[in-house]
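Notes for the one structure printed next.
Numbering (the working numbering), first residue to last: 9 to 300.
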């Protein structure tokens, strides 16, 4: 494999007649261009794939227009809880955090867990405390919540589905309110997007990282695919993958690992294998996508 390579994403969703560029997209695109330029330079200078995906995701966690870190969507109670995971391909070391709410960069906490080596996953206050003790910046809830996400949550709350609907129906994907919520900032709504990165460094090593605030209106305590190694994130010596979409479907199909297995066993064309995996996820309500 010839490196370096960096690929990033900013989430999924957005089906509807208003699909396409919104007034908020230039800010998102500008952020992603800056990530590619900045981290791409670091990669060319020899930074590891693991650190590259960490920095790339951190930069997007700092952009309030994305659904990760500052600007994460709100759960059914109007609270921010965030998930993130990271994996190093050379030895399949991994770190994952679930439902954190007191740190600026969930992906850096996941990285610290990977570096520690055990456990692979921490939840809630234990993950927050671990991250803060590891030197990740602590923040309060007010820092994480934005006016854009509050408006999105209010729209969800006012129009939420009837009791008894599935999580996929009753919650809202990253882009799904795009074009439907008016705020003082835009005539388009917020709603983007789980963030992720995959990288190949100059030594041929791969890594993947994903970070999210979940789905607007998600049940309190809900865990999607983002922090699940093999569902939302995967890296080995051949491939690195970051997924985004309706997490339950990606969990049920182990989508990221399924793509890795297909590439390992069938030596398939990557684009074709990715399409096959997304087709496999679709019957379970798995609207979304992936990068690899």
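Backbone N, C-alpha and C define an ideal beta-carbon position, used for all residues, glycine too.
Item                                                                                              : Value
For residue 120, the three-state DSSP class (helix, strand or coil)                               : helix
Enclosing beta strand (DSSP E) for residue 250 [first to last residue]                            : 248-253
Test item: CB-CB of residue 60 and residue 51 under 7 Å                                           : yes
Straight-line Cα distance separating residue 111 from residue 145                                 : 6 Å
Which listed residue (223, 237, 228, 229) has its alpha carbon closest to that of residue 215     : 237
Start-to-end residues for the beta strand (DSSP E) that takes in residue 161                      : Not the beta strand (DSSP E): residue 161 falls in the alpha helix (DSSP H), residues 155-167.
Cutoff 6 Å; reference residue 45; Cβ partners in own chain excluding five residues on either side : none
Residue of 109, 99, 133, 136 minimising C-alpha distance to residue 122                           : 99
Whether residue 54 touches residue 210 by CB criterion (7 Å)                                      : yes
Inter-residue spacing [alpha-carbon to alpha-carbon] between residue 196 and residue 72           : With a pLDDT of 34 at residue 196, under the threshold of 50, the modelled position of this residue cannot be trusted; read the value that follows with caution. Cα to Cα, the separation comes out at about 15 Å.
Under the three-state DSSP convention, the category residue 62 falls into                         : helix
With 16 other Cβ atoms within 10 Å as the buried cut-off, status of residue 162                   : exposed
7 Å Cβ cutoff met for residue 75 and residue 19                                                   : yes
Where residue 127 falls, given that 16 or more other Cβ within 10 Å makes a residue buried        : exposed
CB-CB length for residue 250 against residue 17, believed under 8 Å                               : 6 Å
Continuous beta strand (DSSP E) stretch holding residue 107: start and end                        : 101-108
Option nearest residue 292 by Cα separation, candidates 256, 159, 104                             : 256
C-alpha gap between residue 39 and residue 68, whole angstroms                                    : 7 Å
Segment limits, alpha helix (DSSP H) that includes residue 139                                    : 132-141
Cβ-Cβ distance between residue 296 and residue 253 below 7 Å                                      : yes
Contact under 7 Å by Cβ, residue 30 with residue 79                                               : no
Through-space distance from residue 148 to residue 248, alpha-carbon basis                        : 33 Å
Residue 150, enclosing alpha helix (DSSP H) - first and last residue                              : 149-152
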